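In the UniProt record's numbering, the protein residues as written are 1 to 221.
Glycine is no exception: its CB is placed at the ideal position from the N, C-alpha and C atoms.
What you are looking at is a predicted structure, and each value in this text was computed from that prediction instead of being measured.
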């Protein structure tokens, strides 16, 4: 009986302390961090792509965004609700020189990605200052690439695509005050790699898949 009573006491303490890990109701937030896009594998016949990717892997960029949402309390330690947001990959520019049958050519690219999110959020309080959360929904992605320079064998001089894609995120929240929470979040927007989007004559309005790792602040009203 003593062990059962002790277990109930501990569980009660955890639940009661968890109730203050975040505030239910309306909130808004900002985030900034690091993002990367998948460029796929360069082919020997596509010298421009080798320059565009530089390290033959992925392309990185600073990212920033804002969001607005509302959390409805389900239990003392669980809340769910909708969230709308906007995220921008700041312009990612690359340039270089490649050789072809005509001779050396210089080319540069400017890439920009923005997406608008509609998500369902579930947040769980673990302690009075720590919570974890997940987000799932869709993102309307705008993917723009502009190419300049003399590139006689380039597939595109520019590429503009927009498409709804699935989006998912996970994060950890740290309560700073009753109204202010700091979040560390990883987000993935499903899409395709650079070979399929830019370089393989794929004109199906596809967009790049993206990943971000951000640090943000939420303010609950």
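Exercise. Using a Cβ-Cβ cut-off of 6 Å (strictly less than) and excluding sequence neighbours within five positions of residue 24, which residues of its own chain qualify?
Worked result: For this step, residue 24 is matched to residue 24 along the chain shown. Close CB contacts of residue 24 within its chain, under the 6 Å cut and outside five residues either way in sequence, are with 71, 73, 79 (chain order).
### Message
Considering only the alpha carbon of each residue, which of 124, 135, 213 lies closest to residue 169?
### Response
Taking the chain shown and counting its residues from 1, the one referred to as residue 169 is at position 169. For residue 169, the closest C-alpha among the options 124, 135, 213 is that of 135.
task: In angstroms with no decimal places, state the Cα-to-Cα distance between residue 140 and residue 210.
output: Here the question's residue 140 lines up with position 140 in the chain shown. Here the question's residue 210 lines up with position 210 in the chain shown. The alpha-carbon separation between residue 140 and residue 210 amounts to approximately 13 Å.
Are the beta-carbon atoms belonging to residue 175 and residue 185 less than 7 Å from one another?
The residue labelled residue 175 in the question sits at position 175 within the chain shown. The residue labelled residue 185 in the question sits at position 185 within the chain shown. No; because the gap between Cβ atoms is not below 7 Å, this pair is not in contact.
message: Relative to the C-alpha of residue 37, which candidate in 189, 86, 178 has its C-alpha closest?
response: As a position in the chain shown, residue 37 is number 37, starting the count at 1. Cα-wise, what sits closest to residue 37 is 189.
Span separating the alpha-carbon of residue 46 from that of residue 62 = Translated into positions along the chain shown, residue 46 becomes position 46. Translated into positions along the chain shown, residue 62 becomes position 62. Interpretation of residue 46 is limited by its pLDDT of 48, a score under 50 that renders its predicted location unreliable; no figure is taken from the coordinates.
- prompt: Just how far apart, CA to CA, sit residue 218 and residue 75?
  reply: The sequence position of residue 218 within the chain shown is 218, counting from 1. The sequence position of residue 75 within the chain shown is 75, counting from 1. Between residue 218 and residue 75, the C-alpha separation is close to 21 Å.
Rounded separation between residue 143 and residue 213 - CA only:
On the chain shown, residue 143 is found 143 positions in, with the first residue counted as 1. On the chain shown, residue 213 is found 213 positions in, with the first residue counted as 1. Counting only the Cα atoms, residue 213 lies some 19 Å from residue 143.
*Please check the pair residue 223 and residue 85, which I expect to be a contact at CB under 8 Å, by giving their CB distance rounded to whole angstroms.*
Because residue 223 is not part of the residues shown, which for the chain are 1 to 221, the question remains open.
Distance between residue 83 and residue 26 (C-alpha atoms, nearest Å):
Against the chain shown, residue 26 aligns to sequence position 26. Against the chain shown, residue 83 aligns to sequence position 83. Distance between the alpha carbons of residue 26 and residue 83 is about 10 Å.
_residue 88 and residue 69 - do their beta-carbons sit closer together than 7 Å?_
For the purposes of this step, residue 69 is taken as residue 69 along the chain shown, with counting starting at 1. For the purposes of this step, residue 88 is taken as residue 88 along the chain shown, with counting starting at 1. No, Cβ-Cβ distance for residue 69 and residue 88 is not below 7 Å.
> So, are the CB atoms of residue 125 and residue 77 less than 7 Å apart?
Replying inline: Position 125 of the chain shown holds residue 125. Position 77 of the chain shown holds residue 77. Cβ atoms of residue 125 and residue 77: closer than 7 Å.
Review point. Ordered along the chain, which non-local residues of its own chain (more than five positions away) have a Cβ less than 7 Å from that of residue 166?
Key: Counting from 1 along the chain shown, the entry for residue 166 is found at position 166. The residues are 138, 190.
**Asked** What separation, rounded to the nearest whole angstrom, lies between the Cα atoms of residue 34 and residue 28?
**Response** Numbered from 1 along the chain shown, position 34 holds the residue referred to as residue 34. Numbered from 1 along the chain shown, position 28 holds the residue referred to as residue 28. Annotation: residue 34 to residue 28 spans about 21 Å, alpha carbon to alpha carbon.
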